[in-house]
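Visitor:
Residue numbers (the numbering used here): 1 to 134.
1) Less than 8 Å between the beta carbons of residue 76 and residue 12, yes or no?
2) Measuring straight from C-alpha to C-alpha, what distance separates residue 85 and residue 112?
3) Where does the unbroken alpha helix (DSSP H) through residue 51 begin, and where does it stop?
4) Could you tell me which of 16, 120 and 90 sits nearest to residue 59, measuring between CA atoms?
5) Per the contact definition of three or more C-beta pairs closer than 8 Å, is the stretch 126-133 in contact with the stretch 92-101?
6) How long is the line joining the alpha carbons of residue 23 and residue 81, rounded to whole angstroms?
7) Please state whether the Cβ-Cβ distance between residue 121 and residue 21 is less than 8 Å.
8) To the nearest angstrom, report how far apart residue 98 and residue 3 are at their CA atoms.
9) Could you give the distance in angstroms between the alpha-carbon of residue 61 and the alpha-carbon of residue 133?
10) I'd like the list of long-range same chain contacts for residue 106, defined as Cβ closer than 7 Å, with 5 residues on each side in sequence excluded.
11) Which class does residue 89 belong to by DSSP, given the choice of helix, strand or coil?
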């Protein structure tokens with residue numbers, strides 16, 4: 001499994017087209033989300049594409065998120081966001097500076113505003129979930 005730091009290093013060497021491909025590959029690597037979990041309750045509001053995020057709590061208290069999108073690059077973006085929080089305890093997730101962890105990827109300048117407008121909502125949903133479990 002590639003770490004966020006490793007992705008950041010690779011991303012920095014890529015041109016725009018290859019950055020898109022990297023995000024698409026990240027999205028493809030997400031654990032499949034069953035269609036039954038793609039509901040209004042798991043839909044992230046404010047995204048131009050449809051994005052679903054479903055939290056589960058593991059036996060040891062860590063949170064794991066299933067996610068999907070109907071747009072390949074957006075699916076890669078949520079995969080990148082999940083790299084910052086996946087399989088961590090709720091308290092750790094609340095302490096993570098997700099925006100800071102994603103800053104080196106400069107998504108707002110690398111991608112169109114339509115593709116990035118939902119990122120704050122994805123992050124807010126993850127934090128709200130962590131608050132409920134903390």
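Cβ coordinates follow ideal geometry from the N, Cα and C atoms, glycine included.
Guide: A quick look at the data gives this:
1) no
2) 24 Å
3) Note, residue 51: premise wrong, no alpha helix (DSSP H); beta strand (DSSP E) at 51-57.
4) 90
5) Because the criterion of three Cβ pairs below 8 Å is met, the stretch 92-101 and the stretch 126-133 touch.
6) 11 Å
7) no
8) 14 Å
9) 9 Å
10) none
11) strand
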